[in-house]
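Colleague: Questions regarding the structure given below will be posed in turn.
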Amino acid sequence: MFDYHALAPDFIVAGTVLAVLGADLFLPRERKWLAAVVGILGLTVALIPIVTLAASDDSVRSMMDGSYVIDDFALVLKAFFILTGYIVLLMSVAYVEADRYYQGEYYFLVLASLLGGMVMASSRDLISLFVGLELVSGPAFLLAGWKKADARSNEAALKFFIIGVLSAAILLYGMSLVYGMTGSLSFDGIREASASVAEEPVFVLGILLVLVGFGFKVSAVPFHFWAPDTYEGAPTPVTAYLSVGSKAAGFVGILLVSYVAFAGAPEIWGPALWILAALSMIVGNLIALRQENIVRLLAYSSIAHAGFMLVPFAAAALVEGDSLNQAFEATVTYVLIYGIMNLGAFAVVIAAARRTGSGQIRDWSGLGSYAPGISILLTLFFFSLAGIPPLAGWYAKFVMFLAVLQNANGWTIALAAIAALNAVIALYYYARVVQSVWMDPAPDEVAPDPEPSGVAPSLGLAFGMLAVAVIVVGVFPEAVGQFAKAASAIAGG
Amino acid sequence: MTLAQFLVLSAALFSIGIYGVLIRRNAVLVLLSVELMLAAVNINFVAFGRYFADSTAGGQVFALFVVTVAAAEVGIGLAIVLLIFRNRASANIDELDVLKW
Amino acid sequence: MEWFDNGWGLSLVVFTPLVGALALLAVPKKDEETAKLLALLASLVSLSLAVVAAFRFDFGDAGALQFGTKLSWIPAIGSDYEIGIDGISLPLLVLSAAIVVLSIVYSWDHWPEPHNPKGFLILILFLATGMAGTFVAQDLVLFFIFFELVLLPMYFMIGIWGDKTKIKLPGFSREVETRLYASIKFFLFTLFGSAFMLLGFLALSFRGGSFSIPELAQMGADGQFTGTFAFLVFGALFLGFAVKVPMWPLHTWLPDAHTAAPTVGSVLLAAILLKLGSYGFIRIAIPILPEEAKSWAPAIAILAVIAIIYGSLACLAQTDMKRLIAFSSVGHMGFVMLGIATLTPVGITAAVIGMVAHGVITGMLFFLAGSMQHRYHTREMARLGGNLKLMPILGGFLGFTAMASLGLPGLAGFWGEFMALLGSYQPLEGLSLGVFRTAMVVGAIGTVLTAGYLLWMLQKVNLGEPKEEWAGHEFHDVDRYEFAAWVPMLVSIVAIGVYPKIVTGAANDAVQVLMDKAFF
Amino acid sequence: MDLGVAQNWFFLVIGLVMVAASLVVVTSRNVMHAALMLVATLGGSAALFVLLGAEFVAGVVVLVYIGAVIVLFLFGVMITRVEIGRGSSLDHANPWPAAAIAIATFAVLAGSAVAFFGDAEVDGVAAVRTSDIGTSIFDRFVVPFEVVSFVLLAALIGSIVLARKDPES
Amino acid sequence: MVTAVLIRGTSVLAAAGEEAAHSDGGVLASGAWLIVLVPFLATLAITLFGKRLPRHGAELAVGAVAFVGLYGTVLLLATWFGDGIVYEGGVTIGEFGGFEIEWAWVVDGLSIMMFFVVGVVSTACFVYAVGYMEGDVRPTAFFASFTLFAGAMLMLVSAANLIQLLIGWELVGVSSYLLIGHYWEQKENSSAGMKAFIVNKIADVGLVIGIIIAGITVGTFTISTIMEKVVASDAALDDVAVVIAVLLFIGAMGKSAQFPFHVWLPDAMAGPTPVSALMHAATMVTAGVYLTARMFPLFEEMAHEVLTLVLIIGTITLVIAGLLAIVQDDIKRVLAYSTLSQLGYMVAALGAGAYTAGLFHLFTHAFFKSLLFLGAGSVIHAVHSNNMSDMGGLKDDMKWTYRTFLIGSLALAGIPLFAGFFSKDEILAAFNEGGYPVVFLLGVATAFITALYMTRAVALTFFGKYKGDGHPHESPAVMVYPMLGLAGGAVLAGFLNVPGITEAFYKLVSTRVVSSELLGEHATSFDFLALGLGLTAGVLGIVVGYRLYMEDAATQRERDRLRIPVLWPVLENKYYIDDLYMNGIVNPIKGPIARFVNWTNSYIIDFIVNVVGAFTRGLGRFVYSGLDQRGIDLAINEAGAGTGFLGSRLRYIQTGKVQQYAAALFGGAIVLVIGFWISIT
């Protein structure tokens, strides 16, 4: 009954989680970073079965009568989580080691959270989805508070925890109502039953509450309030993980719930996500305009990007039947590319903050003159976030607009116009950072470079991979496009 | 016994939990109220489980999982609250607004 | 040379500067000589290939796409790497490659503040690729990529090497540095336009099923895009291209960008970047949405004429020489757009030659303004004067180029303007004669205003006695590099003026084919 | 709900007890009372589960919730030395917005439930046997079961790291 | 050896001339593009190498113009002795839509006459300029733009299509701007140049639109095709013919400084005198007349009403210009207004349909007017001042200048045996026969005024006592010889078209299409009434002038000063009681009317031009700072600042209190649900 090959990736990552914990037991204090090496090795090994599974012919392997499935969507997302984990570990090594935190446990929690994401990717019923979500959030609450001595980190953790738990409660309540209406926990069961109860207020209530639960996870406005404080308070690698890993998990949730479970009632979640998308873009971009702290700016930018990612959903609602997957594919592409760009942006923030010793944009003025390497990468990633070709971001926005204009009607055109306008507003605050780095005068006395070779080796590797990825995807978007198209097979048709 | 009774009761518990979360200044009491909300959800699940009497006992299994996860959450929550208490000698969460705007 | 014809030739023209830029990254910052030589080499290779393309170009069949190729690029959205040039894009391609070479030669030994030749050259080469690519692209996505690729280098060029004086802005409380305000304004304006242009492209690709411009043009000709759909799409395209041209209400970024940009920056901006917008109209907007173009033509004509008058009047009020030249570009591009608005072969050929002429002439004017600023350290016309006395050769060049700019017959500027007016007397049938004939008359009056402000500028700057503050000052006249950069431009101004067939030879038949396909 | 049936009486009593207890939890000035009243509520819910024929879940709730979680809370309260007794107000000054949201939620949830489910009977069908739960957990929901173990493990280790007092190195 | 070359050269030329006379132009005509190209090449050569040449590029200039003069003369002789050449050649340089654009040159009677006039007068003026510009601050620039002018003028007259005519037209305008503004150190000179260019440009708007309409209706710009369409009275052309004619005439008015557009010519005197001599006397200003002549069939056949307009404008110009000339103190301005008046004659002649008479006057006027300007130039060169009040008594110091100037004045005044007599008489005859009595009378009156102001000029300059300081001396030979040459022309030119004896001039004005009966209108015999009246007016003018200015020339200055105050008529009567009737009639007309016309001219018409200039500058400021900076730019900046402000306000919803976030979470959920319920039910 157990298809070990199918579950191989999850098993290996689970094994790595435990291996890291074990390694941490035996490693002396100054060689704690080896735990990270174990983690990285584990993740690399986990990639192998994914490749073999992808290569194998039968695309869908479902177990436990359909509640846990390994299909293209799951594989693409699992690969994405593993790579995200890989990068986050690389970014964390230098950061965490420098401040002598509890390294072993830190890597353990990150990997645990990643495992949660992978589970969510293949889960096809409410229970495993919920448990996967909790496995993603639990460690995240803890990691947010990892800088025990810093009051800001504690505050960030508490805020994140309370809002997290509350939205989990709402999610559960929603799930219970959906269970109550359809009598089944598995997505397929829900989809069949939902045809008959589509218009019932209770079912609408259930769907909306579930969406609110996931809305918190992807920090869509008005459930985004936790994000800026938590992003700023938490250690930067954790923030990077939150803005990419846990947000991607949230989108996995929304994608599965909307396109698979509630596929029968798009006229409910379509308009709801239209509102969330519009609000997130507008509020996220406007507030970001006047942010002084770089991490807070990236927080609002990630809220805005959550809005951009929600845009295709609105269009999907107006499409009956087959071409639902065009919108699905758009969101998956955007998530993948956003992951690369945002990780890169945070890697740069780590490097720059370490180099200048501050997170305020003003203090980075003139960085270009005394740290050209970091500045070039900063420009690369920030303008990719702004969506300027030839960097990867343009393709994400392009596909998003493509999905929205799929069937132009009043609402979708309005949303497309809002998105276009917001892309322009967004450019302003990205350009403001680049302007401060390149065009403002460098401070007279420049702090000596704490890092002997400019950037810690691990961070350098992360930089390298992400920069290459951004440029390659920018010039040959097919690299991401084909995966997204494969993943969208699940959506319909 | 009608299903609606249970749902009304769970709705009541859920709302009171919400009130508790919004009104209480002490973090621990907020956690208490959260537990209340999760209890309400459990009632829902078991009630619907029984209403459908589905073979896989989905409702009750879900309830079990909710209980376990709630326990884990409480653990995490108290750890964070302790951390804050140790740094600020007070667990009132409305004084916690260093991170804003 | 068979490989040249099936796409490799054009791809090399477009991408050699990019390769040069990447190679430059490896050159150490201190080693300026090799950097300069490498950059010059890259741009020269690109220019020579473009010239080879010009010679191998089959003028008989100027309407068809030549040297084209079509490779699959992003199958996920069905967009291909489709390139090719016809009579319209050939002159513009050669112009863009030539101006890049001349800019590099011009800036050989005087670099704008903060001294960083390597960075500056890399940006110029990036710009070269972006510009050449836009003229060569035959696929909407490829066009969009190159159209936006140009933004980044220009943003940095204005932002880092721009004019550092602080100015008080209407609407802002505190003072802000010109270059910072101008660079972000340029970026936001163009991005605003191109965001909506992108929406237009996408809508077109849905209805048409593909991103390839020739196919869409064919469908457009068969009248597949009509009704409110066509109106919205044309509106989006119009917004995108009008910002770039710039057309009247959307032009306010141009004077700021030009005043702030370093000399080479404003030359490239004026000579080629402005042409992307009008080229977009000719290549994409009109062939694909002919009926819609017809209904928009009077509006475009009116806006164009307003631009002519508005630009000229604004010039009369300028105190800063570079800003005056910037506004003059608004005026001249008004003539180009008037030519396009007529939707007749005469008008559009006039637009093509108008674009090339404006590119060379205004590029030259900006070179001169830059050199004068380099020597006088000011652009205030009130403080300048008697330039012919201090620097006779430079003064002579300025006089000559100003004459060309006011459309003196026998020089390049005349043909664009005159033929645009000729076209607008007899626009495409179906277009309202009243609007176009009044446009023609107002345009003709515009030429008088143009002559007025240019001569007024000449009198203030070139003629009269030099002010006392320059009394003791010793000025060195035009140096070797400036000569090398400027002589080809001056020669081309006279050449195009005396023998316009250089441009119209290729452009006329191409436009004829384009118009026949679109409207008949 | 017709009161003729005995079970409804039980339900009525337990329901009232639970609601009263939860009200005390959220309003009392004394933290200890709040904790203890939570015990009462959870106990009531266990009783309901028994009523619904879910004895195993009732047992788990009593054991896990009341046994472990509440005790944890008491420790938490004691450690954070919350002022016990009168005087200190544990609530925000202005309760009205919170009350409004709570009442609105109740109205929405209860209203929709009553509207839809009307008088659908619950106990018309045979109860679920505990062995079914067992087979179901280890057959259909074995993956969530494993994952929950990871959740607990992560929570365990993370909480220890955060809660413990660092050696002043 | 030089003589051998000369003989060889002339024999070759004679042979070519002989061959050209009979065949249709032969090698000479087909090579006519050289006439246009040589001056342009010379300009290029001068600009590039002028500085290094011993005489600053003057040699190249004179050489080029001399070549054109020689070529023109040979062509003239070939036409004179042959039966007229008509040749057209061209090379295509571009095509716009359906229109072929070509560099084309036409060689026919009219253009040959203009080649000859431009060539000869330019040679004279260039040679004169070599002397005049001695020690000038930038001779190379001067000779470059002077040759450019010659080239442009030749391109204009040789243009076979309207576009090339327009190109020549504008190039002439630009070279006049360069030459007028030659001494650009002083602001007035450069403003004068600018004024000339702008006024011309305004008039050119008419020309451009006229050309466009003609080009589009006929389908091509070639003049001969247009003329064929006119002759075939093509319908499409017919209904736009009036509009085209008016627009072309507006262009012509600008260049030939007719009434409303004449303001720039007097200021153009700021340029060096050879410039005024060549351009503002002989060639440039006649371009307008040439254009009207070239397009005459269009005016004659299809737009007859426009001819009356031409007549009226011509007459107005000739009268007021004549009056203005009387009151000027600056000798060059006297001649400038005199040119205006003579141009008025030519335009009026064309207006009256006298095609040959108008052109004949153009032909003769070119010689004696440029002669007068050169004479004035040599006087100014000697006295270093333009104003006649600083001259006087130069008769014996500058003998040759005096003699040539006298010949010129007599020719201008229309005294028999001199060129002016024949051409002006023919125009007056045309007015008389054409049935325009009022115009005829005004023409005679102006003939009188012309003689009057020329005598005044001669008297104030050459007679009486020398009023200026310094000691004037005769100009060098290089300046005198051209004057002598032109003086010869001023005398002989008249005999080319003596009615009844030599009517060959019509051959010099025939074009391919101009029908013979149009040409035939020239007088086969003298119209004695016109002859008589014209002659008496001329003689009378000289006598009155003599009486008024010559008699006690020494006291002349005091009398003039006396005359200026308002009481002038009363004083006058006391002295000349016996001439009361004449002085009573003549002087009051001369004094107050002339001064009134002068006042209106400078304070109204000139004033309008300056006001328009200032107004556009003001409008520019309004448009720029008002509309652009505070209008559109402000709106955009406000939009930017507004979004920023909105952002800064929105920031504060992030209060930092977690329970408010929780409230937002629940509140948001409830609002969403209720909203949806409402939308569903």
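Protein chains in written order, with the numbering used here: chain A, 699 to 1191; chain B, 23 to 123; chain C, 103 to 622; chain D, 376 to 544; chain E, -18 to 662. Glycine included, each C-beta is placed from N, C-alpha and C at the ideal position.
Less than 7 Å separating the beta-carbons of residue 1028 of chain A and residue 1053 of chain A?
Modeller: Reading the first sequence from its first residue, position 330 is the one you call residue 1028 of chain A. Reading the first sequence from its first residue, position 355 is the one you call residue 1053 of chain A. No. Outside cutoff.
Colleague: Just curious, the alpha helix (DSSP H) that residue 76 of chain E is in, first and last residue?
Modeller: Here residue 76 of chain E is taken as the residue at index 95 of the fifth sequence, counted from 1. From DSSP, residue 76 of chain E is part of no alpha helix (DSSP H) but of the beta strand (DSSP E) over 68 to 77.
Colleague: What is the rounded straight-line gap between the Cα of residue 1088 of chain A and the Cα of residue 1119 of chain A?
Modeller: Within the first sequence, numbered from 1, the residue matching residue 1088 of chain A stands at position 390. Within the first sequence, numbered from 1, the residue matching residue 1119 of chain A stands at position 421. Each residue's Cα considered, the two are about 20 Å apart.
Colleague: Quick check on DSSP: helix, strand or coil for residue 115 of chain E?
Modeller: By one-based count along the fifth sequence, residue 115 of chain E stands at place 134. Residue state, collapsed to three classes: coil.
Colleague: Determine, using beta carbons only, whether residue 40 of chain B comes closer than 7 Å to chain E.
Modeller: The residue you call residue 40 of chain B lines up with position 18 of the second sequence. Yes, contact with chain E.
Colleague: Give me the chain E residues within the contact set of residue 848 of chain A, using Cβ-Cβ distance strictly less than 8 Å, ordered along the chain.
Modeller: What you label residue 848 of chain A is simply residue 150 of the first sequence in a count that begins at 1. Near residue 848 of chain A there are no residues of chain E at all, since even the closest Cβ is about 16 Å away, more than 8 Å.
Colleague: Residue 136 of chain C by DSSP, collapsed to three states: which one?
Modeller: Taking the first residue of the third sequence as position 1, residue 136 of chain C is located at position 34. Reduced to three states, the DSSP call for residue 136 of chain C is helix.
Colleague: Out of curiosity, what's the CA-to-CA distance linking residue 656 of chain E and residue 791 of chain A?
Modeller: Stepping through the fifth sequence from its first residue, residue 656 of chain E is reached at position 675. Stepping through the first sequence from its first residue, residue 791 of chain A is reached at position 93. So the two alpha carbons sit approximately 48 Å from each other.
Colleague: Which whole-angstrom value is the C-beta distance of residue 105 of chain E and residue 463 of chain E, which I expect to be below 8 Å?
Modeller: The residue labelled residue 105 of chain E in the question sits at position 124 within the fifth sequence. The residue labelled residue 463 of chain E in the question sits at position 482 within the fifth sequence. The Cβ separation is near 4 Å, so the contact holds.
Colleague: For residue 83 of chain E, which beta-bridge partners are listed by DSSP?
Modeller: The residue labelled residue 83 of chain E in the question sits at position 102 within the fifth sequence. BP columns for residue 83 of chain E point to E:73.
Colleague: Classify residue 398 of chain C: buried if its beta carbon has 16 or more other beta carbons within 10 angstroms, exposed otherwise.
Modeller: Walking along the third sequence from the start, residue 398 of chain C turns up at place 296. The residue is buried, with at least 16 neighbouring Cβ atoms inside 10 Å.
Colleague: Skipping 5 residues on each side, what residues in its chain have a beta carbon closer than 8 Å to that of residue 475 of chain E?
Modeller: As a working note, residue 475 of chain E is residue 494 in the fifth sequence. The residues are 345, 392, 398, 399, 400, 401, 402, 403, 404.
Colleague: Sorted by chain position, which residues of the same chain lie with C-beta nearer than 7 Å to residue 902 of chain A's C-beta, five sequence neighbours on each side aside?
Modeller: To locate residue 902 of chain A, count along the first sequence from 1; it is residue 204. Same-chain partners within the cutoff: 966.
Colleague: How big is the Cα-Cα spacing for residue 453 of chain D and residue 94 of chain B?
Modeller: Position 78 of the fourth sequence, counted from the first residue, corresponds to residue 453 of chain D. Position 72 of the second sequence, counted from the first residue, corresponds to residue 94 of chain B. So the alpha carbons of these two residues sit roughly 20 Å apart.
Colleague: Entirely within the stretch 226 to 263 of chain C and at least 4 residues each: give me those alpha helix (DSSP H) ranges in chain order.
Modeller: If we require 4 residues or more, the alpha helix (DSSP H) runs fully inside the stretch 226 to 263 of chain C come out as 242 to 251, 253 to 263.
Colleague: To the nearest angstrom, how far is it from the Cα of residue 593 of chain C to the Cα of residue 151 of chain C?
Modeller: Here residue 593 of chain C refers to the residue found at position 491 when the third sequence is read from its first residue. Here residue 151 of chain C refers to the residue found at position 49 when the third sequence is read from its first residue. Taking the straight line from one Cα to the other gives about 21 Å.
Colleague: Just checking my contact of residue 610 of chain C with residue 76 of chain E at CB under 8 Å: how many whole Å lie between their CB atoms?
Modeller: Start at 1 with the first residue of the third sequence, and residue 610 of chain C comes out as number 508. Start at 1 with the first residue of the fifth sequence, and residue 76 of chain E comes out as number 95. The pair is a contact, with the Cβ atoms about 5 Å apart (cut-off 8 Å).
Colleague: Can you name the residues that DSSP bridges to residue 496 of chain D?
Modeller: Numbered from its first residue, the fourth sequence carries residue 496 of chain D at position 121. Residue 496 of chain D pairs with B:24.
Colleague: Taking Cβ-Cβ distances shorter than 9 Å, what residues in chain A pair up with residue 652 of chain C?
Modeller: Limits of chain C in this structure are 103 at one end and 622 at the other, which puts residue 652 of chain C out of reach.
Colleague: Who are residue 182 of chain C's beta bridge partners in DSSP?
Modeller: Taking the first residue of the third sequence as position 1, residue 182 of chain C is located at position 80. In the DSSP output, where bridge partners are listed per residue, residue 182 of chain C has C:174.
Colleague: Measuring from the CB of residue 414 of chain C, is there a heavy atom of the ligand PLP at a distance below 6 Å?
Modeller: As far as ligands go, the structure on display features none, and thus does not contain the ligand PLP.
Colleague: Report yes if the CB atom of residue 992 of chain A is closer than 7 Å to the CB atom of residue 1047 of chain A, and no otherwise.
Modeller: Along the first sequence, one-based indexing puts residue 992 of chain A at 294. Along the first sequence, one-based indexing puts residue 1047 of chain A at 349. Cβ atoms of residue 992 of chain A and residue 1047 of chain A: closer than 7 Å.
Colleague: Going along chain B, which residues have a C-beta under 7 Å from residue 832 of chain A?
Modeller: Indexing the first sequence from 1 puts residue 832 of chain A at position 134. What residue 832 of chain A touches in chain B: 91.
Colleague: At 9 Å on the CB atoms, spell out the chain E contacts of residue 966 of chain A, in chain order.
Modeller: For the purposes of this step, residue 966 of chain A is taken as the residue at position 268 of the first sequence. Within 9 Å Cβ-Cβ: 657, 661.
Colleague: Taking Cβ-Cβ distances shorter than 7 Å, what residues in chain G pair up with residue 837 of chain A?
Modeller: In the displayed structure, chain G is absent; the protein chains listed are A, B, C, D and E.
Colleague: Touching or not, the stretch 58 to 65 of chain B and the stretch 35 to 42 of chain B, by the rule of three or more beta carbon pairs under 8 Å?
Modeller: Touching, yes.
Colleague: Against chain A, with Cβ distances strictly below 7 Å, would residue 487 of chain D count as a contact?
Modeller: Taking the first residue of the fourth sequence as 1, we reach residue 487 of chain D at position 112. Yes, residue 487 of chain D lies at the interface with chain A (some Cβ there is under 7 Å from its Cβ).
Colleague: Could you name the residues of the stretch 863 to 881 of chain A whose beta carbon sits closer than 8 Å to any beta carbon of chain B, in the order they occur along the chain?
Modeller: Within the stretch 863 to 881 of chain A, the residues whose Cβ lies closer than 8 Å to some Cβ of chain B are 863, 864, 866, 867, 870, 871, 873, 874, 875, 877, 878, 881, listed in chain order.
Colleague: Excluding the 5 residues flanking residue 310 of chain C on each side, which residues of the same chain have their C-beta closer than 6 Å to its C-beta?
Modeller: Walking along the third sequence from the start, residue 310 of chain C turns up at place 208. Contacts found: 318, 321.
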